[in-house]
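Numbering (this note's numbering), first residue to last: 1 to 399.
We treat Cβ as the ideally placed atom computed from N, Cα and C, and that holds for glycine.
Since the structure is predicted, the reported quantities are computational estimates derived from the model, not experimental observations.
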Amino acid sequence: MAGARAQMTLTFEQARECVLRETRAAGDIEQIALGDADGRVLAEPIHADRDYPPFARSARDGYAVRSADLPGTLRIIGEVRAGEVFSGSVGAGEAVEIMTGAPLPAGADQVIMIEHTRREGDRVVIDRPAKTGDNFNPRGVEAAAGAAILESGKRLGFTEVALLAMVGKQCVPVYRRPRVAILPTGDEIVEAGVEPQEFQIRNSNAWSLAAQVRRAGGVAEMLPVARDNYESTRMLVERGLESDLLLLSGGVSAGKYDIVEKVLADLGATFFFDRVLIQPGQPLVFGSARGKFFFGLPGNPASTMVTFEIFARAAVEKMSGATPTLPLLRAKLTREFHHKTGLTRFLPATLSADGATITPQPWQGSGDIAALARANCFLVADADRESWNAGDDIRVLMK
Ligand code: AMP
Ligand code: MG
């Protein structure tokens, strides 16, 4: 519905589905150094440049032997270390001393761990029976040359960085990070570096959002605070729509000076929803204008943080070329919990160190940033369930 208020209320699940359906990856690719790849999203599949392991590789320190000779006493004809190749081959009744990472000599078909042998001069006594293929990795079992080992769209972490180094990728093709404009609104908001007057509030939302954007794979672009008047808001919204995504905080409730939606409507916006049945964060706007997506996040700090995590994060991830996920774990409540049905609630809570139990955190409501910082997760109370007993499972969103 272009140019008008949508008055469209969705459930948590419907709203998330809507964000996932509407947003898409920009698809621009850039090449970066391997050392900068952590956290980025791979833009092309990566293939093995050769077999892995590239040779039959010993997994143990011990003796390379022929299983047909076991158990028995074998003559040691030499040794092979990692980084060397044994020039001869293991014949009947013979063994080669071998180190972890060394290539299995020709003729041998297993490695006996040193702990399972007894050395007597130039001989080794092995009491164990034969077990072909033990204690070494045959050539190509981990990946054959040419096999796809990383898919496009994979978020790179330390294991993927190791894999890229393994196949010699010094330069990594990744998706360009989306530029995400952050626009706080409110006459009472002053920049965090300013000494506020009694009735003023420092801008914390832009900072929590910037941290969340960065974690989601975007580049945060901080705009100045928009004042609660049409001109100021419109000028900064237009600037924000030059980025790939615009995040507004505040100004979307039903108050007299909540003019964000009016400004967006005048810019020809399409609104996908403007209310979600969640708490915190009910008045929440998602739409597009001038070919860019925007979220109007409610200004209460808890609302801003939660609505980013459960909705805007998915948009940033999708625009980064990654597959959005929202892992909701489960833990047992340490005490009973009740809420009024109809809204999915996200409340600050403490998850025990082993992740087994969860305790709701006392707090003073959506403005209580200190309580949010004390908590280490959010308890997720389903919209259709009223009460939980101590010991019942409940869903958990990590922060
Ligand atoms: P609003 O959604 O504009 O009605 O704001 C709701 C509440 O959040 C008010 O108490 C605001 O002072 C507070 N708030 C709005 N923007 C910010 C911000 N950038 N940083 C901290 N608090 C904010
Ligand atoms: Mg406001």
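According to DSSP, residue i sits in a beta bridge with which residue or residues?
{"i": "E79", "result": "E97"}
{"i": "Q279", "result": "R345"}
{"i": "V65", "result": "Q110"}
{"i": "L247", "result": "I182, F295"}
{"i": "E221", "result": "A181"}
{"i": "I358", "result": "L333, L351"}
{"i": "P103", "result": "R57"}
{"i": "S288", "result": "T270, F293"}
{"i": "L10", "result": "V276"}
{"i": "Y52", "result": "A143"}
{"i": "L173", "result": "Position check: residue 173 holds Pro in this sequence, whereas Leu was assumed. Answer by DSSP bridge pairing, in chain order: Q31."}
{"i": "F408", "result": "Within the shown structure, residues of the chain are numbered from 1 to 399, placing residue 408 beyond reach of any answer."}
Alpha carbon to alpha carbon, how far is residue j from residue i? Give it in angstroms, no decimals.
{"i": "S152", "j": "I46", "result": "8 Å"}
{"i": "D384", "j": "K340", "result": "9 Å"}
{"i": "A390", "j": "H338", "result": "11 Å"}
{"i": "M398", "j": "A162", "result": "27 Å"}
{"i": "P327", "j": "E84", "result": "46 Å"}
{"i": "G39", "j": "Y63", "result": "42 Å"}
{"i": "V190", "j": "Q200", "result": "7 Å"}
{"i": "Q7", "j": "A254", "result": "12 Å"}
{"i": "T23", "j": "T100", "result": "49 Å"}
{"i": "I259", "j": "V252", "result": "7 Å"}
{"i": "I112", "j": "M305", "result": "57 Å"}
{"i": "M1", "j": "G268", "result": "A caution first: M1 carries a pLDDT of 44, below 50, which makes its placement in the model unreliable, though a value can still be read off. Going by the C-alpha atoms only, they are around 9 Å apart."}
{"i": "D187", "j": "F272", "result": "27 Å"}
Buried or exposed for residue i, please, with buried defined as at least 16 other CB atoms from any protein chain shown within 10 angstroms of its CB.
{"i": "R66", "result": "buried"}
{"i": "S366", "result": "buried"}
{"i": "C377", "result": "buried"}
{"i": "T233", "result": "buried"}
{"i": "Y230", "result": "exposed"}
{"i": "G437", "result": "Not covered by the structure: residue 437. The range shown for the chain is 1 to 399."}
{"i": "I32", "result": "exposed"}
{"i": "G321", "result": "buried"}
Kindly list the residues whose CB is nearer than 7 Å to the CB of residue i, restricted to its own chain and excluding five residues on each side of it in sequence; keep chain order.
{"i": "T159", "result": "none"}
{"i": "D400", "result": "What is shown of the chain runs 1 to 399, which leaves residue 400 out entirely."}
Would you mind giving the Cβ-Cβ distance between residue i and residue j, rounded to the nearest angstrom? I have them listed as a contact below 8 Å.
{"i": "I76", "j": "D134", "result": "That pair is no contact at about 19 Å."}
{"i": "F286", "j": "L209", "result": "About 15 Å; that fails the 8 Å criterion."}
{"i": "A181", "j": "L246", "result": "5 Å"}
{"i": "G299", "j": "N205", "result": "7 Å"}
{"i": "V124", "j": "A102", "result": "Wrong, their Cβ atoms sit about 16 Å apart, outside the cutoff."}
{"i": "L248", "j": "G296", "result": "5 Å"}
Take residue i and list the residues in its own chain whose beta-carbon comes closer than 8 Å to its own, dropping the five residues that flank it on each side.
{"i": "D28", "result": "Y175, R176"}
{"i": "I114", "result": "R60, D61, G62, Y63"}
{"i": "A56", "result": "P103, L104, F136, N137, P138, R139"}
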